[in-house]
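Numbering-wise, the numbering used here puts 1002 at position 218 of the sequence shown, and it's gapless, one number per residue. Every residue, glycine too, gets a C-beta built ideally from N, C-alpha and C. One structure is given here, and the rest of the page talks about it.
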Amino acid sequence: MKSLNSFYHLTLEDRHIILAGITNSSTKTAIAKTIGKNKSTVCKEIKLHRKLTHRCSMPLECNNYKKCPFGRKCITECILYSPFYCKRRDRSPGACNGCSNRRHCRFDKYDYSPQDAWLDYRYTLVDSRQGVNLTAKQAKDLANTIAPLLKQGLSPYQILASHPELGISEKTLYNYIEGEVFHEIAGITVLDLRRQVSRKPSKKKSKKFKKRADNKHLIGRTYNDYKIYIDDNPNALITQMDTVYNYETTGPFIQTFKFIPSGILFALYQTEKTSSAMKDGVNTLETILGKDVFRKYVNVLLTDRGSEFYAAKDMETDMDGSTRTRVFYCDPMQSGQKGSLENNHIQLRYILPKQTDLRSIGLTDQHSLNLVISHINSAPVEKFGGKSPLEVASFMYHDLYEKLMIFGIREIEKDRIILKPYLLKNR
785 MKSLNSFYHL
795 TLEDRHIILA
805 GITNSSTKTA
815 IAKTIGKNKS
825 TVCKEIKLHR
835 KLTHRCSMPL
845 ECNNYKKCPF
855 GRKCITECIL
865 YSPFYCKRRD
875 RSPGACNGCS
885 NRRHCRFDKY
895 DYSPQDAWLD
905 YRYTLVDSRQ
915 GVNLTAKQAK
925 DLANTIAPLL
935 KQGLSPYQIL
945 ASHPELGISE
955 KTLYNYIEGE
965 VFHEIAGITV
975 LDLRRQVSRK
985 PSKKKSKKFK
995 KRADNKHLIG
1005 RTYNDYKIYI
1015 DDNPNALITQ
1025 MDTVYNYETT
1035 GPFIQTFKFI
1045 PSGILFALYQ
1055 TEKTSSAMKD
1065 GVNTLETILG
1075 KDVFRKYVNV
1085 LLTDRGSEFY
1095 AAKDMETDMD
1105 GSTRTRVFYC
1115 DPMQSGQKGS
1125 LENNHIQLRY
1135 ILPKQTDLRS
1145 IGLTDQHSLN
1155 LVISHINSAP
1165 VEKFGGKSPL
1175 EVASFMYHDL
1185 YEKLMIFGIR
1195 EIEKDRIILK
1205 PYLLKNR
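As structure tokens, this is what we get:
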């Protein structure tokens, strides 16, 4: 039976105990038992809050750097390249605090700080929920509408009655004005109100403009809804969708699709990771496949809850307004619910490794991405009896196969398949 403590959030004291466990090289299981939490809680805590405190000076972390005959240039196609792996850092306890080899280690170092972790937690719990539920642009647009009308003597109720497109309540508008949200933007204060309301003003809150998360897109689209839909539609063909990238701000971003059960991995090259770009990616996929083939193989789109996939309704709806697919979302932190696609991402990372500038190794456009996808889809798969996904698609899903061939995907001879980063440099 779980202790009552296991249902509470981690305290600062718990985090100091976690640090002590890391320093003493304790396992995550032992740390979790000490603080009365589940092992997964400790795993997530360390992984989420550990910080990179030292970066390896070599281009790549290589096990053979001490005996390198090439001047430690460290390129992935080097015949002696062997990715460095540290059990202590990469597995358990998951950070470098207290490592006896720390002074001599030349590789990336990650440290866990209880105080920093606590401050991050408090920000997520409290600070990120404070502020005004508007972006700066929305606040400015709202102020531009209401300012002249207040000067004309209209009350907030009369303004909102004439402008329902503003989408806020009378009480919210009063709160914004009393909280001086529009004071710096348009000079609006409580003195501009025709009659100040006779109630005690609420405590001033942060004027930080932060649009709060809107989860309306999840209604009817959760993983439980997905399971119910599949039970009711057992013949529905599923496509899993995700994004792969190395750098959040610069990209490039790869929008991936896994056609189930054909086993085909498809991907689109994107220059930004936004809901608009991902929606356009679904539109592009429909254009590539054509309406009939798209609706045949993409009955369901299963994806994660990343903000880039929030435009569920737009992805579900065709350009003419008709419904073309159904979008569902995995549970939070449950990537295994679309595990088939995640397994393909492992293959993708053989060619496009993490912590690497993807453009520098040759991923510069859709043409180069097609080459990567062609090699992955040409590799034999055990569950297909040694056949590749493209061979299976050619035989069983020929209409899908033909569309992909027209777009630029190619079957690669078995002995010419390359699942290494130098694939793109030698093209």
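Beta-carbon proximity list for residue i, same chain, < 6 Å, skipping 5 on both sides
i	result
Leu934	Asp976
Thr837	Lys893 and Asp895
Cys858	Met842, Pro843, Leu844 and Cys846
Glu1195	Ser1162 and Leu1174
Gly1146	Ser1152, Leu1208 and Lys1209
When the options are compared against residue i, the one with the closest alpha-carbon
i	options	result
Ile806	Thr956, Val1066, Pro898 and Glu1197	Pro898
Ala1177	Ser953, Tyr1081 and Asp925	Tyr1081
Ser1119	Ser824, Glu797 and Asp1088	Asp1088
His1001	Thr1040, Ala923 and Ala1096	Ala1096
Ile1157	Ala1051, Gly1074, Ala816 and Leu794	Ala1051
Tyr1185	Leu1155, Lys1011 and Val1077	Val1077
Lys1122	Leu1085, Glu1100, His800 and Thr1109	Leu1085
Met1103	Lys1075, Lys851, Tyr1094 and Ser809	Lys1075
Ser876	Cys840, Pro867, Glu829 and Arg887	Glu829
Phe1191	Pro1137, Leu1155 and Ile930	Leu1155
Glu968	Lys924, Tyr958 and Leu918	Lys924
Thr1033	Ala804, Ser953, Asp1026 and Thr1055	Thr1055
Thr795	Gln1150, Trp902 and Val965	Trp902
Leu926	Ser824, Ser884, His947 and Val974	His947
Thr1148	Glu1070, Tyr1181 and Ile1038	Ile1038
Ile1135	Glu861, Ile815 and Thr813	Glu861
Ile1193	Ala931, Gln1150 and Lys1171	Gln1150
Asp1183	Arg1079, Tyr1007, Asn928 and Gly1035	Arg1079
Asn1083	Lys871, Tyr1013 and Gly1035	Tyr1013
Arg839	Glu954, His793, Thr1040 and Cys889	Cys889
Lys1198	Phe1179, Tyr1007 and Gly1170	Gly1170
Glu954	Phe966, Ser939 and Val965	Ser939
Ala931	Thr919, Arg978, Leu1069 and Arg906	Arg978
Gly951	Thr811, Thr929 and Thr825	Thr929
Thr919	His793, Pro1137, Gly882 and Phe966	Phe966
His793	Ala804, Val826 and Leu803	Val826
Ile1003	Met1180, Val1028 and Arg1110	Arg1110
Ala970	Asn881, Gln942 and Gln922	Gln922
Beta-carbon proximity list for residue i, same chain, < 7 Å, skipping 5 on both sides
i	result
Asp1009	Phe1112
Arg856	Met842 and Tyr849
Arg834	Gly878, Ala879, Tyr894, Asp895 and Tyr896
Asp904	His833
Thr1058	Glu1092
Met785	Any reading at Met785 needs caution, since the residue's pLDDT is 44, under 50, leaving its predicted position unreliable; the model's value is listed next. Taken in chain order, the list of residues that qualify is empty.
Lys1042	Thr1023, Gln1024, Leu1049, Ser1124, Leu1125 and Asn1128
Ser810	Pro877
Phe1168	Gly1047 and Val1176
Sequence-distant residues of its chain with Cβ nearer than 8 Å to residue i (five each side left out)
i	result
Ile1044	Leu1021, Ile1022, Thr1023, Gln1024 and Ser1124
Asp1141	Asn1030 and Tyr1031
Pro1116	Arg1089
Ala945	none
Lys1187	Ile1072, Leu1073, Gly1074 and Val1077
Val866	For the sequence presented, residue 866 should be read as Ser rather than Val. Cys846, Asn847 and Asn848, listed in sequence order.
Asp798	Ile819 and Lys821
Ile801	Ile815, Thr818 and Ile819
Tyr1007	Phe1112, Tyr1113, Cys1114, Asp1115, Gln1118 and Gln1121
DSSP bridge partner residues for residue i (one or two, in chain order)
i	result
Val826	DSSP lists no partner for Val826.
Gln1051	Looking at the sequence itself, residue 1051 is Ala, so the reference to Gln does not match. Answer is Thr1040.
Tyr941	According to DSSP, Tyr941 bridges with nothing at all.
Tyr1112	In the sequence as displayed, the identity of residue 1112 is Phe instead of Tyr. Answer is Leu1086.
Thr1068	DSSP lists no partner for Thr1068.
Lys835	Asp895
Cys846	Pro867
Thr1107	Thr1101
Any non-hydrogen atom of the ligand GTP within 7 Å of residue i CB
i	result
Ser939	No copy of the ligand GTP occurs in the structure displayed, which carries no ligand at all.
Original post:
Could you give the uninterrupted runs of the alpha helix (DSSP H) lying entirely in the segment 863-913, keeping only those of 4 residues or more?
Top reply: 871-874 and 898-909
Original post:
Enumerated in chain order, which unbroken segments of the alpha helix (DSSP H) with a length of 4 residues or greater are wholly contained in the segment 1006-1034?
Top reply: Runs of the alpha helix (DSSP H) inside the segment 1006-1034: 1007-1016.
Original post:
When the Cβ atoms of the segment 1118-1129 are set against those of the segment 1011-1021, are three or more pairs found closer than 8 Å?
Top reply: no
Original post:
Looking at C-beta atoms only, is the number of pairs between the segment 1199-1209 and the segment 1048-1066 that lie closer than 8 Å three or more?
Top reply: no
Original post:
What are the complete alpha helix (DSSP H) segments, minimum 4 residues, inside the segment 1162-1209?
Top reply: 1173-1180, 1182-1191 and 1206-1209
Original post:
Touching or not, the segment 1033-1048 and the segment 1158-1176, by the rule of three or more beta carbon pairs under 8 Å?
Top reply: yes
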